[in-house]
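Undergrad: Sharing a structure below in structure tokens format, with a few things to ask.
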Ligand code: TRP
Ligand code: ZN
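In the UniProt record's numbering, the protein residues as written are 1 to 885.
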């Protein structure tokens with residue numbers, strides 16, 4: 001908590017640090033009611049800042065200073081200044097040593113930043129600015145140092161003592177305590193520091209690198225979870241191999257460790273050699289984790305591992321450059337997941353997520369560029385824009401340069417900047433230099449916020465046999481009022497003839513036709529491309545693979561979309577044609593509902609999905625994706641004014657109609673797949689994910705029929721499944737059904753069976769929080785009283801509160817404002833406990849401009865109530881004040 005008004009920090013004010021730290025030596029004495037931290041910093045004047053010795057200003061928060069020495073001379077109170085956030089000293093030479101001792105309180109740290117306790121173990125989270133809660137330091141990413149860390153703790157309770165780097169010594173003390181020392185030879189910023197002390201078991205393995213070095217791999221967990229580590233270990237080894245093969249990157253230390261903790265604000269953290277993970281991002285086995293959870297574990301293990309190069313060896317100069325490591329690393333982990341599973345399905349899922357949530361962020365009060373130019377609290381900028389849109393920007397560079405050119409660029413980047421703290425401009429420069437290209441205009445993607453619109457129109461000239469596409473780009477105003485200049489938009493496209501065959505493409509001025517799919521670079525506000533030798537008017541397939549994060553519009557009619565669904569060579573665009581068709585059909589229904597008319601479903605959607613279901617050549621995961629209607633959240637995002645009730649009614653009506661009209665084919669595919677599932681032991685691999693995905697979406701449609709044989713099948717699947725994917729779907733289907741007795745029984749059986757597994761209980765909470773049946777808020781309030789629930793655990797908050805406010809739109813947006821009031825009450829409580837989580841849970845309220853006047857007023861009133869509720873953390877203050885501005 002603060003006492004002064006939080007202030008805005010600007011990229012344009014960046015200055016290199018006045019002083020550097022070459023070596024950091026830390027000793028931690030861990031006790032139950034406090035911890036002592038002794039730090040020795042070997043420092044020097046930063047030569048780039050010139051001569052003179054300005055005061056040394058160290059960052060520090062919530063630290064009780066016990067002693068401070070400069071070059072072995074203990075300072076008196078008159079020799080330094082202390083305020084809430086700093087310790088200021090006057091160095092007397094170019095090189096000097098600072099020693100401090102501080103007392104901190106991890107045992108009462110509920111913010112989960114700095115050193116804290118989770119389920120009895122000590123752990124740390126230092127990114128972005130948490131290290132200043134551990135000791136006085138230059139807590140900024142461009143100050144890089146080697147670290148040695150000694151940990152001293154009671155032996156029985158904390159047998160395992162870990163920090164970054166390699167272990168160099170350990171031993172008992174006479175008082176029942178013991179110590180261990182770790183040394184990290186790689187220069188790193190403080191945000192990558194980590195410490196763990198606890199009673200942990202580990203799964204061990206090893207990896208031989210491309211140059212033949214053996215690396216010890218260890219995953220540390222609480223003893224009861226030792227049977228849930230194998231999937232993460234397999235994922236780690238696959239990631240290490242993949243990074244060697246695809247990026248030429250080898251691991252550098254002799255040991256790589258992952259530790260799972262139950263209380264964690266995000267997914268995981270890439271601390272050098274000692275990644276700390278939310279247990280939800282490590283633990284997975286068939287009986288307790290769904291397919292989606294298995295895929296998430298694989299992706300996050302890869303993401304954190306890949307940071308060892310994209311983030312740690314080459315780090316960020318300042319926090320405005322966060323996407324330098326996050327956008328690039330998300331791009332890398334998406335490439336990995338695509339290679340391990342289905343590329344098209346991964347792309348579909350990523351794009352659906354981006355379009356729903358990042359586009360909404362880009363259109364809201366917190367909109368910011370991939371490289372923001374100001375912030376109040378950096379924790380608020382670990383966003384969909386920095387991560388997901390940042391990854392799209394790197395992906396567009398990949399598209400423009402091709403795989404080989406991109407690899408040349410990344411090689412140059414890693415070679416040129418190894419051991420440095422650099423900027424997004426440095427990344428792009430390496431791409432430019434390695435390929436001899438100019439990306440100056442392209443870099444607007446880093447500095448301009450907002451989602452570009454790309455309106456496309458066509459003109460066919462039968463006489464000349466030419467076909468022209470005209471692209472008009474624009475970008476909506478964002479809160480920064482910045483003027484938007486044209487982006488470079490890579491548009492991958494193809495042209496289909498009347499039979500659905502692809503046409504070899506030749507632009508006017510080119511000598512001969514070439515490939516059937518190519519990338520056009522649209523860089524002007526309006527630009528026309530003309531194809532020649534086109535014998536009849538074609539149908540364009542635009543933005544294949546979603547080659548740019550834009551809102552593209554082309555006046556397709558529904559028959560054309562059905563044609564693309566069948567014939568497009570690009571799997572992503574086949575899916576997207578289906579989504580566009582669904583959107584058109586759903587928008588009809590939304591309009592009918594608004595007008596009080598009878599709802600009538602356009603039969604073309606039924607016909608299109610019937611043929612998808614009948615196609616046994618299609619990847620079953622693709623069938624499942626194509627059967628999924630656009631979510632209510634997406635329909636909200638694309639609406640001018642979101643009509644909550646009509647969106648819900650329209651989508652539910654369409655689902656009901658599809659369930660009835662496609663019942664036989666859904667039932668047949670469900671039964672066939674369930675039969676295979678029954679006879680196959682669980683395997684966390686693509687083909688099995690695909691089978692279960694189709695089986696489960698089929699079941700969720702089928703239950704809408706209310707037929708007794710579907711209820712029986714659901715109960716059979718719930719009782720007999722050997723894995724959480726099938727069991728949880730059966731539970732969710734029951735929870736959303738009218739079969740009250742069966743629902744209550746299944747919920748009780750499930751909770752009794754899994755009451756000691758917090759991650760499974762999270763799923764139990766989520767399934768109920770997401771139920772769109774009436775009475776949602778009362779159910780959520782009742783669940784908050786359940787013994788397994790606590791506001792102190794971020795996973796619990798996300799599972800219950802986050803799922804309710806983010807996914808259960810019809811209940812959260814109840815017209816009486818009860819959902820908003822509830823969320824505001826929670827945010828006020830969380831603000832005092834855990835500001836990062838409080839500020840994230842606020843997101844749904846920040847979208848108030850999307851709704852009707854009555855809801856707008858109710859949402860704003862709750863934001864104002866939060867603003868007036870007392871002392872706000874910088875995190876909540878920033879989001880609330882920007883939302884109301
Ligand atoms: N660097 C982490 C990642 O993306 C993000 C992270 C983990 C984080 N914990 C955090 C960010 C706490 C802010 C606060 O892999
Ligand atoms: Zn990351």
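Glycine included, C-beta positions come from ideal geometry on N, C-alpha and C.
The model shown is predicted, which means the values in this text are computed figures rather than measured ones.
#1: In whole angstroms, give me the CA-to-CA distance for residue 389 and residue 328.
#2: Residue 170 to residue 774, Cα distance in whole Å?
#3: With a threshold of 16 other CB atoms inside 10 Å of the CB of residue 676, please say whether the residue is buried or exposed.
#4: Helix, strand or coil for residue 535? Go by DSSP, reduced to three states.
#5: Nearest to residue 172 by CA position, among 166, 343, 151, is which residue?
#6: Is residue 325 near residue 272, with beta carbons less than 9 Å apart?
#7: Under a three-way DSSP split, which group does residue 31 fall into?
#8: Mind checking which residues open and close the beta strand (DSSP E) that includes residue 460?
#9: Can residue 60 and residue 120 be called in contact, C-beta distance under 9 Å?
#10: In three-state DSSP terms, what is residue 259?
#11: What number of angstroms, rounded off, separates the C-alpha of residue 145 from the C-alpha of residue 422?
#12: Relative to the C-alpha of residue 93, which candidate in 122, 56, 65 has its C-alpha closest?
#13: Under 8 Å: do the segment 557-566 and the segment 591-604 share three or more Cβ pairs, one atom per stretch?
#14: Looking at the unbroken beta strand (DSSP E) that takes in residue 578, where does it start and where does it end?
#15: Under DSSP, the beta strand (DSSP E) around residue 494 begins and ends at which residues?
#16: So what does DSSP say about residue 599, is it helix, strand or coil?
#17: Looking at the structure shown, is residue 205 part of a helix, part of a strand, or coil, going by DSSP?
#18: Looking at the unbroken alpha helix (DSSP H) that takes in residue 445, where does it start and where does it end?
#19: Quick check on DSSP: helix, strand or coil for residue 662?
#20: Rank 394, 663, 665, 466 by C-alpha distance to the C-alpha of residue 548 and give the top, closest one.
#21: Is the segment 764-774 in contact with the segment 73-91, if contact means three or more CB pairs nearer than 8 Å?
#22: Kindly examine the ligand ZN and report whether one of its heavy atoms sits closer than 8 Å to the Cβ of residue 329.
#23: With three or more C-beta pairs closer than 8 Å as the rule, is the segment 454-464 touching the segment 346-355?
#24: Under three-state DSSP, which class holds residue 683?
#25: Answer yes or no: the CB of residue 260 versus the heavy atoms of the ligand TRP, is any distance below 8 Å?
#26: Taking 8 Å as the cut-off, does the CB of residue 264 come closer than this to any heavy atom belonging to the ligand TRP?
#27: What I want to know is whether the C-beta of residue 388 ends up closer than 8 Å to one or more non-hydrogen atoms of the ligand ZN.
#28: What are the boundary residues of the alpha helix (DSSP H) that residue 712 is part of?
#29: Where do the N-terminal and C-terminal ends of the beta strand (DSSP E) with residue 172 fall, by residue?
#30: What distance in whole Å lies between the Cβ atoms of residue 794 and residue 377, which are believed to be in contact at a cut-off of 8 Å?
#31: Between which two residues does the alpha helix (DSSP H) holding residue 794 run?
#32: Give me the Cα-Cα distance between residue 884 and residue 14, rounded to the nearest whole angstrom.
#33: If the criterion is Cβ atoms closer than 9 Å, does the pair residue 783 and residue 829 meet it?
#34: What are the boundary residues of the alpha helix (DSSP H) that residue 397 is part of?
#35: Please classify residue 30 as buried or exposed, where buried requires at least 16 neighbouring CB atoms within 10 angstroms.
#36: Once DSSP output is grouped into helix, strand and coil, what is the label at residue 309?
TA: For this structure:
#1: Those two C-alpha atoms are separated by around 10 Å.
#2: 59 Å
#3: exposed
#4: coil
#5: That would be 151, whose Cα lies nearest to the Cα of residue 172.
#6: no
#7: Residue 31: coil per DSSP, three-state reduction.
#8: 453-461
#9: no
#10: The answer is strand: DSSP assigns residue 259 an E or B state.
#11: 16 Å
#12: The shortest Cα separation from residue 93 among 122, 56, 65 belongs to 56.
#13: yes
#14: Where residue 578 is concerned, there is no enclosing beta strand (DSSP E), although the alpha helix (DSSP H) it sits in stretches over 571-594.
#15: 489-496
#16: coil
#17: Residue 205 falls in the strand class under three-state DSSP.
#18: 444-447
#19: coil
#20: 394
#21: no
#22: yes
#23: no
#24: coil
#25: For residue 260, the CB stays at least 8 Å from every heavy atom of the ligand TRP.
#26: yes
#27: no
#28: 708-720
#29: 166-172
#30: Their Cβ separation, rounded to whole angstroms, is 17 Å, which puts residue 377 and residue 794 out of contact at 8 Å.
#31: 794-797
#32: Taking the CA atoms as reference points, residue 884 sits about 28 Å from residue 14.
#33: no
#34: 390-417
#35: buried
#36: coil
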